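Some notes on the structure that comes next.
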Amino acid sequence: MDETVRWVRTHCGRLDHGGCALQVGVRGNAIVEVRGDPQGYLNRGSTCYKGRVSADRLTHPERLRHPLKRAGKRGEGKWRRISWEEALQVTAENLLKIKGEHGARAVGFGAGMPKGLEHFVLIRLANCFGSPNVVAPQDVCHAPREISGVHTCGFYPVADLHHPTRLILAWGSNLLSTNEEGQIGRLALEQIRNGARLLVVDPRRTELAERAHLWLQLRPGTSHALALSMLQVIIEESLYDKDFVEQHTYGFEDLAEHVKQYSPECVSPVTWVAPDLIRRAARMYAEAKPASILWGNAIEHNVHVFDAARSLVCLMAFCGNLEVAGGNIHAHDPPIMKPGEFVRADRMPNKSREMISAYHGVIPRLMTVAPAYFRRAVLEGVPYPVKGYLGMCTNPMVTWAESPLTHKAFMHLDFIAVADLFMTPTASLADIVFPAAHQFEMNDIGHYGLGHGIIAARPKVVDPPPECWPDMKILNELGKRVSPAEEWHDDADMFLEDILRPSGMTFQEFAELGILKGPDRFLYWREKGFRTPTGKVELRLSTAEKFHLKALPEFKSLPEEDDEEFPLVLISAKSRHYLHSSYRWVETLRRKEPEPTVEIHPRTAADLGIAENDPVIIETKHGAITQRARVTDSVHPRVICAAIGWWFPEGDASRQVDWRTSNINMLTCAGNVGKEFGTPNLKSLPCRIRRGHVPG
Ligand SMILES: Nc1nc2c(c(=O)[nH]1)N[C@H]1C(S)=C(S)[C@@H](COP(=O)(O)OP(=O)(O)OC[C@H]3O[C@@H](n4cnc5c(=O)[nH]c(N)nc54)[C@H](O)[C@@H]3O)O[C@H]1N2
Ligand SMILES: Nc1nc2c(c(=O)[nH]1)N[C@H]1C(S)=C(S)[C@@H](COP(=O)(O)OP(=O)(O)OC[C@H]3O[C@@H](n4cnc5c(=O)[nH]c(N)nc54)[C@H](O)[C@@H]3O)O[C@H]1N2
Ligand code: SF4
Ligand SMILES: [Mo]
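For what it's worth, the numbering used here labels the leading residue of the sequence shown as 3, then goes sequentially.
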């Protein structure tokens with residue numbers, strides 16, 4: 003046996019948004035070490051713990067290694083091992099049968115957090131098959147901030163931490179745990195070391211909040227009220243960038259008049275932030291030039307996300323921070339194939355009118371179907387029946403709001419195919435399960451189509467188990483069976499070459515380079531204006547009437563009204579050890595965080611007779627779960643913060659049914675959603691907590 007270790011350079015992926023450059027040590031076909039690459043563009047050698055143990059995802063004895071076909075009733079856990087040929091054939095037959103009987107739109111194509119290039123190949127398959135329905139959690143992840151940005155200023159304004167900034171405003175972002183969009187955690191710390199001030203808006207005292215010059219511990223679900231109040235202060239005290247506002251914004255007078263109602267004194271009782279702190283925060287942000295807002299996922303986790311996102315873009319515009327180095331910029335892609343071309347959007351010219359969500363009047367440019375609307379289509383036939391589902395890289399049974407509804411919808415479908423690494427609660431309901439190859443076992447491109455202005459090479463390091471296929475290959479082979487064969491390649495790796503062709507590079511050359519970055523382009527609006535109908539930043543939306551949108555961001559109410567029966571407020575935050583619902587089965591990760599825990603303030607815990615590590619029942623109007631208490635004063639006495647994504651893979655691996663006991667989405671509800679994106683309340687839910695276990 004060859005004992006020498008060879009080192010392969012690649013990029014981390016599928017553990018968060020990815021981005022750290024890695025050096026992976028390989029002996030034979032086994033990975034022996036993963037370490038940070040000192041030359042990494044985003045990480046300069048650093049990694050997190052889960053990055054270092056990331057190869058452990060590949061070797062679990064219960065990993066899916068063969069295609070499976072359901073042998074008993076749906077979800078019963080009886081499977082028959084089948085060949086790839088049969089798995090593809092059965093899937094193709096079922097998808098075509100549904101298409102023949104109900105139309106192509108009766109198949110939903112399910113994606114999760116975009117993990118790699120397969121996300122876009124899946125959309126291509128939907129388009130080539132003829133279905134407008136790609137179902138994905140974009141309603142609660144990034145689409146709201148991206149699309150609100152595009153409607154307001156013509157682009158998605160991302161925090162620029164690659165150039166010196168004077169202030170970072172982290173708003174509902176726990177970036178030292180989540181390293182959003184690559185290594186923003188590390189870049190932020192570097193900026194702070196170099197003198198940038200830090201302003202944090204978070205109901206929890208996060209690690210970042212501990213380092214902050216000012217921390218606003220707002221009441222969950224009131225970001226829009228707080229941001230509108232900051233706008234009011236900035237106008238009243240004349241702290242805004244007058245030249246910019248005068249020349250490059252539309253609707254300033256209307257917004258100025260409108261925000262008068264949101265003085266710090268008016269807003270303080272609802273946000274729980276003292277008026278003088280709101281004023282200090284507004285001044286700090288307005289006076290630092292440039293300043294960048296890092297907007298976190300929390301603003302996207304309630305029905306008022308459009309108001310929150312719009313208010314934050316207005317703040318950026320007011321203070322002249324749009325498209326300014328060190329502010330919030332339009333990250334331009336390098337010369338690569340445009341996503342629309344790659345996914346063959348031209349095959350579905352009427353997609354935005356035909357997709358399920360069109361019926362619900364969502365905001366233009368939202369091109370995925372919110373899970374709330376997908377389940378209505380499956381269960382009620384609204385606006386038309388949906389009968390089939392093909393999903394990969396996603397675990398809706400755990401990650402969509404209101405898990406019992408998801409279960410009901412999946413039990414109602416005629417046909418389900420799922421690709422995953424492990425038998426998950428979602429895969430366990432499938433008719434066909436495809437065993438997927440994973441990070442390190444295939445060539446892949448990271449960050450494509452995500453608005454970060456970079457793509458990262460993730461070349462293959464080891465061979466997958468013989469019958470585990472990269473998702474792209476699964477889609478490529480299925481595509482040939484259910485759609486015009488000329489849309490598909492002999493070898494799925496050719497998709498990587500397609501993307502890179504405009505750059506003049508092969509994948510091999512790209513892999514040697516590592517990262518391809520677009521040009522830095524600042525203050526583009528000086529030449530061209532903003533890409534909105536008025537050519538200006540639309541503080542007031544000129545298209546509001548046409549698209550039935552609110553012209554001005556507003557605060558009218560809490561996401562869910564207070565309820566005496568449920569006196570506490572439930573929030574959540576991602577774990578630094580896991581990705582959402584993934585990898586509870588990786589032992590090295592599980593040892594770090596063996597059980598789901600809920601943070602509770604010592605005073606509240608004492609009042610309720612709850613001690614550290616006690617099992618507790620967390621309850622909302624919608625359901626009850628068990629997690630363990632972690633008593634900490636980092637949360638407000640009225641707020642508890644629960645763990646997300648929990649199910650228990652240690653049960654019978656053929657039959658993953660415990661998606662109830664500790665899963666936070668037993669506590670959420672898909673019945674009440676924000677109109678623009680179909681977003682449910684995932685955070686800021688009235689709740690209560692007591693010692694005990696839910697009956698199991
Ligand atoms: N209550 C509540 N719900 C939430 C959130 C929250 O904060 N609170 N967060 C939301 C957010 S922001 C998001 S993005 C979504 C995420 O929702 P999902 O994307 O559905 O969740 P994940 O756990 O990231 O991924 C699910 C599955 O992908 C599989 N997987 C990983 N890599 C591969 C691969 O290479 N191939 C295949 N075929 N499968 C793979 C994993 O094994 C896992 O089972 O959840 C949302 N849901
Ligand atoms: N380790 C790890 N990294 C990840 C992920 C993961 O699952 N695990 N997921 C990836 C994905 S898909 C995403 S979208 C990102 C998300 O990354 P983040 O944007 O950091 O999202 P969260 O962890 O959901 O929440 C961030 C913060 O919001 C706070 N918060 C809760 N409610 C409110 C509120 O009402 N208002 C405000 N202002 N703050 C509130 C929480 O206390 C928390 O500190 O992370 C990515 N990175
Ligand atoms: S921070 Fe994210 S990209 Fe970096 S090593 Fe950890 S999981 Fe990988
Ligand atoms: Mo996300």
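Virtual Cβ for every residue (Gly too), placed ideally from N, Cα, C. Since the structure is predicted, the reported quantities are computational estimates derived from the model, not experimental observations.
**Study point:** leucine 515 versus Ala459, Leu279 and Tyr386, residue with shortest Cα-Cα distance
**Key:** Ala459
Point to revise | Cα-Cα separation, valine 659 to serine 430 | key: Roughly 8 Å separates the two Cα atoms.
Check your understanding: By Cβ distance, which residues of its chain are closer than 6 Å to serine 133, with the 5 residues on each side in sequence left out?
Key -> Ala106, Arg107 and Val109
Point to revise | Identity of the residues DSSP links to histidine 491 by a beta bridge | key: DSSP, once it has assigned bridges, lists no residue as partnering histidine 491.
Review point. If you compare alpha carbons, which of Pro639, Leu169 and Gly383 is closest to alanine 374?
Key: Gly383
Point to revise | Expected contact under 8 Å - CB spacing of isoleucine 280 and serine 231 to nearest Å | key: 5 Å
Review point. Taking the alpha helix (DSSP H) that leucine 127 falls in, what are its first and last residues?
Key: 120-131
Practice item. Would you mind stating whether leucine 220 and proline 205 have Cβ atoms separated by less than 8 Å? Key: Closer than 8 Å, so yes.
Review point. Counting Cβ pairs, one atom from each stretch, are 3 or more of them under 8 Å apart for the segment 596-607 and the segment 634-648?
Key: yes
Practice item. Under the assumption that valine 696 contacts threonine 670 (Cβ atoms under 8 Å), give the Cβ distance between them as a whole number of angstroms. Key: Your pair valine 696 and threonine 670 does not check out as a contact, with CB atoms roughly 16 Å apart and the cut at 8 Å.
Review point. At a cut of 8 Å, does the segment 500-519 reach the segment 200-219 through at least three beta carbon pairs?
Key: No: the two stretches stay apart, fewer than three of their Cβ pairs being nearer than 8 Å.
Point to revise | the segment 119-138 in contact with the segment 148-156 per 3-pair CB rule at 8 Å | key: no
Review point. When you compare only the Cα positions, how much space is there between asparagine 45 and arginine 377?
Key: 40 Å
Review point. Under the DSSP definition of a beta bridge, which residues are partnered with threonine 628?
Key: Partner(s): Ile619.
Review point. Would you say the segment 352-361 touches the segment 58-75, given that touching needs at least three Cβ pairs under 8 Å?
Key: A contact is defined here as three or more CB-CB pairs under 8 Å, and the segment 352-361 fails this definition with respect to the segment 58-75.
Point to revise | Cross-strand partners of asparagine 330 (DSSP beta bridge) | key: Ala161 and Leu324
Point to revise | Between the CA atoms of valine 247 and valine 10 - distance to the nearest angstrom | key: 50 Å
Exercise for review: Can you tell me which of Val142, Ile627, Leu477 and Ala546 puts its alpha carbon nearest to the alpha carbon of glycine 298?
Suggested key: Val142
Check your understanding: Quick one: does the C-beta of cysteine 2 sit closer than 7 Å to a heavy atom of ligand 4?
Key -> The structure shown does not extend to residue 2, since the chain is modelled only from 3 to 698, so the question has no answer here.
Check your understanding: Since phenylalanine 497 is in the alpha helix (DSSP H), which residue starts that stretch and which ends it?
Key -> 496-502
Check your understanding: Any heavy atom of ligand 3 closer than 7 Å to the Cβ of glycine 118?
Key -> no
Review point. Which class does cysteine 689 belong to by DSSP, given the choice of helix, strand or coil?
Key: strand
Exercise for review: Check serine 405 in the structure and name its three-state DSSP category.
Suggested key: helix
Practice item. Kindly indicate which residue of Phe131, Lys291 and Leu296 has the alpha-carbon position closest to the one of asparagine 176. Key: Leu296
Point to revise | Of the residues Pro116, Phe442 and Lys538, the one placed nearest valine 26, counting alpha carbons only | key: Closest option to valine 26, Cα to Cα, is Phe442.
Exercise for review: Could you pull out every unbroken alpha helix (DSSP H) segment of at least 4 residues lying fully inside the segment 373-447, listed in chain order?
Suggested key: 373-382, 398-401 and 405-414
Check your understanding: What number of angstroms, rounded off, separates the C-alpha of methionine 413 from the C-alpha of histidine 624?
Key -> When rounded, the distance between both Cα atoms is 20 Å.
Exercise for review: List the residues that DSSP assigns as beta-bridge partners of leucine 97.
Suggested key: Per DSSP, leucine 97 has no beta bridge partner at all.
Exercise for review: Thinking asparagine 304 and proline 598 are a contact (beta carbons under 8 Å), I'd like their distance in whole angstroms, please.
Suggested key: Wrong, their Cβ atoms sit about 22 Å apart, outside the cutoff.
Practice item. Return yes when at least one heavy atom of ligand 2 lies under 7 Å from the C-beta of glutamate 182, else no. Key: Distance from the C-beta of glutamate 182 to the nearest heavy atom of ligand 2 is below 7 Å.
**Study point:** Per-residue DSSP class, three states only, for lysine 558
**Key:** coil
Review point. How is valine 152 classed by DSSP in three states: helix, strand or coil?
Key: helix
**Study point:** The beta strand (DSSP E) enclosing alanine 655, as first and last residue numbers
**Key:** Counting along the chain, alanine 655 falls outside any beta strand (DSSP E), and DSSP gives it neither H nor E.
Check your understanding: In the DSSP assignment, what residue or residues form a beta bridge with cysteine 643?
Key -> Ile573 and Glu601
Practice item. Since I believe leucine 169 is in contact with tyrosine 242 (beta carbons under 8 Å), could you give me their beta-carbon distance rounded to a whole number of angstroms? Key: Their Cβ separation, rounded to whole angstroms, is 16 Å, which puts tyrosine 242 and leucine 169 out of contact at 8 Å.
Review point. Any chance the CB of cysteine 50 is under 7 Å from a heavy atom of ligand 4?
Key: no
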